[in-house]
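In our numbering, the protein residues as written are 60 to 462.
Where a beta carbon is used, it is the ideal one built from N, C-alpha and C, also for glycine.
Below is one structure; the comments refer to it alone.
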């Protein structure tokens, strides 16, 4: 029988492994993947056990730190819940408040398990490698046009570039000086693999995350040489994606053409970009009609039926489950109040982590994704943002405590 200390070490290792497996959320082919079950089925029970085992004199301080961690999300979460109750949604969509509860628990568990930046870098590298393997199998083995991980192509691309970026940030801007050359090389290789899986997802919106990294490299790098090197790497990656891979080049060329067509045609064509731009127009008209708390829409069909001024709806529009971007989605559900609340949450998040490049990157990614996809108002997108925010906030506090 192993001594108590060995059991404790084994338990800590298992707990760390479970808490750090957030990349599985976007891959349906992995057990507990293809959704946000990682948070409530895997991580939450482990966090509760860790909290139960914590010294009683530390619990109050831990709970207070979790409350402070979650404060920036409160404007959006509270206004979302109020809008759901006001409009009498049935069933209520309580995903944002539940994400906040699960990720506050995750923050506590990560604090108690001793999650570090190094752990998170290795997990990002493993995730990027797995995503690349999944993408290669799906595109070249199964013959799919775009990799999707069993969930959604654009979401898969977002997760892929997210973990790839964490590898690059660790090497170039934050912790790379403390790592050996071989470790940094492996992290860079994993980052490249994550970029390849983004490439194979065909997601144009996910590529915009590289622009966030370039901005961080120029304006937030403490070491100008490393920051410039990261910017050069990212610019090279963007050019490679856009010019060397024919399907991606064609999709980007299509973006420009579809945008021009939308503004030049009398009746818009139901293309990918055309539909997105039309949804922005509908959201603006909705805000004019319902400026305070919104119409509480349930579907675009219902919105068109109750607002004849929007015009004749095309059949292609009725196949879309929502507004396809967070800012329009918040207008449709909660009007100006929810829109301002989301904006306030983003500002509060930025102010609270102005010195942390990881969390600034998370916020930048989420905001830039939110203009072409629902991210804050999507269960999987919000889970990725809040889980990453919790894990990296815990790593920062653990580092400060051990210093």
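Buried or exposed (CB count within 10 angstroms, at least 16 for buried), residue i
i, result
"residue 305", "exposed"
"residue 322", "exposed"
"residue 277", "exposed"
"residue 518", "Any property of residue 518 remains undetermined from this structure, which presents the chain solely from 60 to 462."
"residue 239", "exposed"
"residue 364", "exposed"
"residue 312", "exposed"
"residue 217", "buried"
"residue 293", "buried"
"residue 385", "buried"
"residue 361", "exposed"
"residue 65", "exposed"
"residue 308", "exposed"
Pair within 8 angstroms by beta-carbon distance, residue i and residue j
i, j, result
"residue 183", "residue 226", "yes"
"residue 187", "residue 92", "no"
"residue 254", "residue 275", "no"
"residue 456", "residue 241", "no"
"residue 163", "residue 128", "yes"
"residue 191", "residue 288", "no"
"residue 180", "residue 229", "yes"
"residue 412", "residue 406", "no"
"residue 285", "residue 232", "yes"
Cβ shell of residue i (< 8 angstroms), same chain only, five flanking positions each side left out
i, result
"residue 458", "175, 176"
Residues near residue i in its chain [Cβ-Cβ closer than 7 angstroms; skip 5 each side]
i, result
"residue 400", "134, 135, 138"
"residue 332", "314, 317, 318, 321"
"residue 203", "197"
"residue 106", "164, 165, 167, 168"
"residue 350", "394, 395"
"residue 374", "none"
Contacting residues, own chain, Cβ-Cβ under 6 angstroms from residue i (five flanking each side not counted)
i, result
"residue 209", "87, 88, 93"
"residue 21", "One cannot answer for residue 21 here, as it falls past the ends of the chain, which runs 60 to 462."
"residue 113", "171"
"residue 356", "362, 391"
"residue 146", "355"
"residue 330", "317"
Item to check | Three CB pairs or more closer than 8 angstroms across the stretch 151-169 and the stretch 90-110 | outcome: Contact check between the stretch 151-169 and the stretch 90-110: three or more CB pairs, one atom from each, fall below 8 angstroms, which counts as touching.
Checklist entry - Between the stretch 419-428 and the stretch 436-446, do at least 3 Cβ pairs fall closer than 8 angstroms? => result Taking a contact to require three or more Cβ pairs closer than 8 angstroms, the stretch 419-428 and the stretch 436-446 qualify as touching.
Next on the checklist: Check whether the stretch 333-352 and the stretch 363-379 touch, using three or more Cβ-Cβ pairs below 8 angstroms as the test.
Outcome noted: A contact exists between the stretch 333-352 and the stretch 363-379.
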